[in-house]
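**Q** Okay, here's the structure, questions in a sec.
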Amino acid sequence: MIAAFTGLLLLIVAAAYLAGPAWLALSSALVPVWLRAVLVLLTVLACVRPAWSPAVLLGTVPLLPVWPTIVPALPPALVHLVVLSQAIPWLIRRAVGRVHLTRCSMTPGWALFVAVAAVSVCVGLTPARWRGAEAAHVWRNITAQVPGYIFVSHATSDGRALPMLLGLVDGLLCCVIVSGSLTRATRPGTLRAAAVAAVASALFGMVQASNGLGLQHAWQIFDAGIVRINATYVDPNALAAFYALIGPVLIGLALAAARWRRAAWGAAALIVMVAMVMTAGRAGLASLALGCAVLAWLGLRRELDAVDPSRLVRRYARPVVRGGAVAAVVVLVAVVTVGTTLNMRHEQQTSYLHTWLYTLNLRQSPDAIAKGRLAVWRIVMTMVREAPLTGIGLGNSVNEFERYRGQLGIASLPSDARLSAHNTYLLVTSELGVIGLTAWLLMMFAVLHGIRAPGNLPFRDPAGWPVLGLAAGLAGYAFTMLTGDRILLREDIVVGTTCAAIASLGAGPLPRPWRVLSWLTLAVVLASWPVRATSRPLVPVSLPEREGLHDDQIGVRGDTYRWSTGYAVIYLAADVVDVQLPVRNLSPGRQQIDIFVDGRHADRRQLEPGPWVTLSYRLPPAPRSGWHRLALQVTPTWQAPGDPRVLGVVVGEWTEER
1256 MIAAFTGLLL LIVAAAYLAG PAWLALSSAL VPVWLRAVLV LLTVLACVRP
1306 AWSPAVLLGT VPLLPVWPTI VPALPPALVH LVVLSQAIPW LIRRAVGRVH
1356 LTRCSMTPGW ALFVAVAAVS VCVGLTPARW RGAEAAHVWR NITAQVPGYI
1406 FVSHATSDGR ALPMLLGLVD GLLCCVIVSG SLTRATRPGT LRAAAVAAVA
1456 SALFGMVQAS NGLGLQHAWQ IFDAGIVRIN ATYVDPNALA AFYALIGPVL
1506 IGLALAAARW RRAAWGAAAL IVMVAMVMTA GRAGLASLAL GCAVLAWLGL
1556 RRELDAVDPS RLVRRYARPV VRGGAVAAVV VLVAVVTVGT TLNMRHEQQT
1606 SYLHTWLYTL NLRQSPDAIA KGRLAVWRIV MTMVREAPLT GIGLGNSVNE
1656 FERYRGQLGI ASLPSDARLS AHNTYLLVTS ELGVIGLTAW LLMMFAVLHG
1706 IRAPGNLPFR DPAGWPVLGL AAGLAGYAFT MLTGDRILLR EDIVVGTTCA
1756 AIASLGAGPL PRPWRVLSWL TLAVVLASWP VRATSRPLVP VSLPEREGLH
1806 DDQIGVRGDT YRWSTGYAVI YLAADVVDVQ LPVRNLSPGR QQIDIFVDGR
1856 HADRRQLEPG PWVTLSYRLP PAPRSGWHRL ALQVTPTWQA PGDPRVLGVV
1906 VGEWTEER
């Protein structure tokens, strides 16, 4: 019975993805034909070779984020489409019972976090009390975001909650793909794919430093004295976090190999380290150093040096590690001394060495060292204090940042700033509260439990170096969360969850206290849904906000107009007795528009392209809801070349008679 219900649920999810983003990507003229063909080929590959799916994800996703900024024809949600190309076949195969799952402790941990985030989104979608149980309004809110979810970057959009949740769901899909496709015996090949992607990204970044292809403009302003490469990412700090994650894996691959293969992987690791320096990501470089230290500690603790094929490694590995630790301390003290003596500042940096000299200059304020992050964290902590248990809602911290900054009067940050928390733990707490932070920490414990499972950290087996490198890389990746947001960019989510799932393959059952606390967290967050939805302050509403209309625009003659979507609603005051609504069809062909007044069908028109048409309607007296509801349904909708919006008709300024 449970298996049948699970299969039905997975088929529904697969159908939703096929009918939504997959159909939009394959049918929209905004997606190039060659890209559609590539997505279809990736889907076919997932059907024929499902065991390759994790390698496809780790081998392609890190190389994709920058291309929509270079080639405008590419949709911003390119990473999501690649994930779906691997996930949809898996969902269908799992629904019909053709997938054998390998236990992976990351999956239940991430599922718990996604559940907490989903409840937060559902609270936001629940209609306000004055609306009553208006399911149609909820459905319009959801469907209005589907096209933008593919064609508009959610990192800069106002409607962030649903796209952010779907990004987290992508991470869950990656976890189940790993558990249904890989075993401990087959995961080294996937790690090699991730390593090759890191090297390719690093080489692209080195070329980018000279020709500027894909170099993000913002970082040329914030760090004008140096070139901060973002390579195939859109954020150099996210790129540095990726290198911190994969760098120890490359070292592990080198130590697991012999002869020329060891030299090749060692050279690849060196290339990635050079690219890491060129990102000028301070937390990323520190995290890479931490990952290398953890890798050395794990390797020596598991006595992998004692069985290395090289006599030099067997004899000198431990003295070299001890000497390297001493050298690192000496270099750190020297940089602190020089940077403090010269009083190096951020605006003086003209090289990557200067970056560390000003970072470790102890004569400047802590906020100057942190480049304004302390002020950002102060603002985010105010958000936490306002809603400590459940948070202010998924995706709201960036949108609400300026309001809180204005309340605190922090002048060191720009007045129009829409900044993220720059700390994953603070970001989770501000948006999802202590409940969300609890789920996040439980997820991290689940990953640690899986990594420490018997067989994942082998004793005296040189073939275990890559997995040790992955465990060390995840330690460094967790460190990057102290100064970065690892759940905002979809590529961060996909790479991080996939690697964590690979590292925790073959784990045994999670401890009973973990399961009890997880169920308790889930019960609390579910119980909070109706409480949070009904306890929102009942703000007097003169008229609800219009729905399904894009932002106002100003024409060449100074007139105001706006585009509709396929379904739009305009609310009018109860004392309005007559309304004149000018509309215009600018699509390539004829459009049909249906008008509904207070829920009743009032008119149907066929609009030819070109002229304005004024629609006039007499409104019934005394509407029960307290206002009139004028709805427009337009078929077919269309998209203008280069415009990601779904368009209906142009709506001019309407006039009302009372």
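Quick note on numbering: the sequence shown equals residues 1256 to 1913 in the working numbering.
Ideal Cβ positions, reconstructed from N, Cα and C, are used throughout, including at glycine.
#1: Look up VAL1750 in the DSSP assignment and say whether it is helix, strand or coil.
#2: Residue range of the beta strand (DSSP E) that HIS1609 falls in?
#3: Are SER1675 and LEU1682 closer than 8 Å when you measure CB to CB?
#4: Between GLY1546 and ALA1350, is the Cβ-Cβ spacing less than 8 Å?
#5: Nearest-angstrom Cα distance between GLY1422 and VAL1549?
#6: Among LEU1744, SER1283, ALA1580, which one has its Cα closest to the Cα of HIS1335?
#7: From the DSSP output, in three-state form, read off GLN1604 for me.
#8: For ASN1840, does the count of other Cβ atoms within 10 angstroms reach 16, so buried, or fall short, so exposed?
#9: Which residues does DSSP list as the beta-bridge partners of SER1871?
#10: Which residues mark the beginning and the end of the beta strand (DSSP E) in which LEU1902 is found?
#11: Could you give the DSSP three-state label for ARG1914: helix, strand or coil?
#12: Going by C-alpha distance, which of ARG1913, ALA1450, PRO1899, VAL1905 is nearest LEU1919?
#13: Keeping to the same chain, check which residues put their C-beta closer than 7 Å to that of GLN1619; ignore five residues upstream and five downstream.
#14: State buried or exposed for GLY1688, treating a residue as buried only when at least 16 other CB atoms are found within 10 Å of its CB.
#15: So what does DSSP say about ILE1397, is it helix, strand or coil?
#16: Would you give the residue range spanned by the beta strand (DSSP E) that SER1819 belongs to?
#17: Tell me whether LEU1760 sits in a helix, a strand or coil according to DSSP, three-state version.
#18: Hey, out of ARG1767, VAL1321, ASN1651, LEU1587, whose CA is closest to LEU1379's CA?
#19: Return the Cβ separation of VAL1562 and ARG1439 in integer angstroms, given the expectation that the two are a contact with Cβ distance under 8 Å.
#20: For LEU1263, which residues from the same chain have a beta carbon less than 7 Å from its beta carbon, with the 5 sequence-adjacent residues on both sides left out?
#21: For VAL1529, collect the residues of the same chain with a Cβ closer than 8 Å to its Cβ; drop the 5 residues on either side in sequence, then sort them by chain order.
#22: Quick one: Cα of PRO1843 to Cα of LEU1862, how far?
#23: Ignore the nearest five residues each way along the sequence and tell me which others in ALA1730's own chain have a CB closer than 8 Å to its CB.
#24: Would you kindly check if the distance between the Cβ of TRP1345 and the Cβ of CYS1430 is under 8 Å?
#25: Do ALA1453 and VAL1527 have their CB atoms nearer than 8 Å?
#26: Since TRP1882 is in the beta strand (DSSP E), which residue starts that stretch and which ends it?
#27: Measuring alpha carbon to alpha carbon, tell me which of ALA1269, SER1283, ILE1706 ends up nearest PRO1721.
#28: How about GLU1686 and GLY1646: are their beta carbons less than 8 Å apart?
#29: Between LYS1663 and the rest of its own chain, which residues show a CB-CB distance below 8 Å, the 5 nearest in sequence each way excluded?
#30: Less than 8 Å between the C-beta atoms of GLN1894 and LEU1290, yes or no?
#31: Note down, in chain order, each residue of its chain lying with its Cβ closer than 8 Å to the Cβ of ARG1845, except the 5 sequence neighbours on either side.
#32: Let me check understanding here. Comparing Cα to Cα, which of SER1819, ASP1830, ARG1855 lies closest to PRO1891?
#33: Among the candidates TRP1322, ASN1678, SER1542, whose CA atom is the shortest distance from the CA of PRO1331?
#34: How would you call TYR1571, buried or exposed, if buried means at least 16 neighbouring beta carbons within 10 angstroms?
#35: Going by DSSP, what residues sit across from ASP1858 in a beta bridge?
#36: Sorted by chain position, which residues of the same chain lie with C-beta nearer than 7 Å to ASN1396's C-beta, five sequence neighbours on each side aside?
**A** On the basis of the supplied data:
#1: Three-state result, VAL1750: helix.
#2: Careful: HIS1609 lies outside any beta strand (DSSP E), inside the alpha helix (DSSP H) at 1607-1614.
#3: yes
#4: For the 8 Å CB-CB criterion, GLY1546 and ALA1350 do not form a contact.
#5: 30 Å
#6: Checked all of LEU1744, SER1283, ALA1580; the closest Cα to HIS1335 is LEU1744.
#7: coil
#8: buried
#9: Answer is GLN1835, bridged to SER1871.
#10: Counting along the chain, LEU1902 falls outside any beta strand (DSSP E), and DSSP gives it neither H nor E.
#11: Since the first residue shown for the chain is 1256 and the last is 1913, residue 1914 is missing from the structure and cannot be characterised.
#12: The requested residue 1919 does not occur in the structure, where the chain is confined to residues 1256 to 1913.
#13: ARG1600
#14: Label assigned to GLY1688: buried.
#15: helix
#16: 1815-1828
#17: Note: LEU1760 maps to strand in three-state DSSP.
#18: For the sequence presented, residue 1379 should be read as Gly rather than Leu. Of the candidates ARG1767, VAL1321, ASN1651, LEU1587, the one whose C-alpha sits nearest the C-alpha of GLY1379 is ASN1651.
#19: With a Cβ gap of about 19 Å, VAL1562 and ARG1439 do not count as contacting.
#20: none
#21: Around VAL1529: ALA1457, MET1461.
#22: Spanning the two alpha carbons is a distance of roughly 11 Å.
#23: LEU1545, GLY1546, VAL1549
#24: no
#25: yes
#26: 1882-1890
#27: ILE1706
#28: yes
#29: One detail in the question is off: residue 1663 reads as Leu in this sequence, not Lys. Excluding sequence neighbours, LEU1663 sits near ARG1633, ILE1634, THR1637.
#30: no
#31: GLN1861, LEU1862, GLU1863, PRO1864
#32: Of the candidates SER1819, ASP1830, ARG1855, the one whose C-alpha sits nearest the C-alpha of PRO1891 is SER1819.
#33: Of TRP1322, ASN1678, SER1542, the smallest CA-CA separation from PRO1331 is found for TRP1322.
#34: Burial check for TYR1571: the Cβ neighbour count within 10 Å stays below 16, so the residue is exposed.
#35: ILE1850
#36: LEU1380
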